[in-house]
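This report concerns only the one structure given below.
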């Protein structure tokens, strides 16, 4: 799995732009404040994904983990996250702040744009010798941009559609997670 489109599909399953849109449709505030929140969230997601991709080798070496072993762990996180998204459609939001910059940090930036599944997947892909950090980040940035566009377009009246799309992408995340686990086990 080294083609650009394959990496983008895997990262889209991990990030789940539809789940982000479903969550964004619940945020209070004006359209302008949502734009500010989404811009902050995108910056957090892009920055943390870049750090995960370019820090993958150091992280794996520091933890004394092989790429294959980390791929198993990333697959498990992806499968669990995908199962939750398949069940619910998007993570439930609790105690959402009213100010846009706070919404950009939580709940949009963390844990949605910079999700555990997305960051683990970025490390797993960037640590692969045939992929590397530049290719991983090159596939991740358009996925994060699509998530930002979906979050900006999301309206409360379309929340059911976003949740249904998030459930389908969640099912894809389960499949990708299982594939990561199987590939990791075969490689070890």
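In my numbering, the protein residues as written are 18 to 205. In this text, a Cβ means the ideal position worked out from N, Cα and C, and glycines have one as well.
A distance of 8 Å or more separates the beta carbons of residue 163 and residue 153. In the three-state scheme derived from DSSP, where H, G and I count as helix and E and B as strand, residue 109 is classed as coil. With contact defined as three or more Cβ pairs closer than 8 Å, the segment 95-102 and the segment 188-200 are in contact.
Residue 165 and residue 59 do touch by the CB rule: their CB atoms are close to 5 Å apart, below 8 Å. Relative to the Cα of residue 84, the nearest Cα in the group 39, 149 and 105 belongs to 149.
Taking residue 103 as the centre and dropping the five residues before and after it, the same chain places the C-beta of 184, 187 and 188 closer than 6 Å to its C-beta, in chain order.
Residues 141, 197 and 201 of the same chain have their beta carbon placed closer than 6 Å to that of residue 88, with the five preceding and five following residues left out of the count. At a Cβ-Cβ threshold of 8 Å, residue 27 and residue 193 count as neighbours.
For the set 191, 29, 113 and 181, the Cα lying nearest the Cα of residue 41 is the one of 113. In the three-state reduction of the DSSP assignment, residue 43 falls in the coil class.
Residue 55 sits away from residue 110, with the two beta carbons spaced by 8 Å or more.
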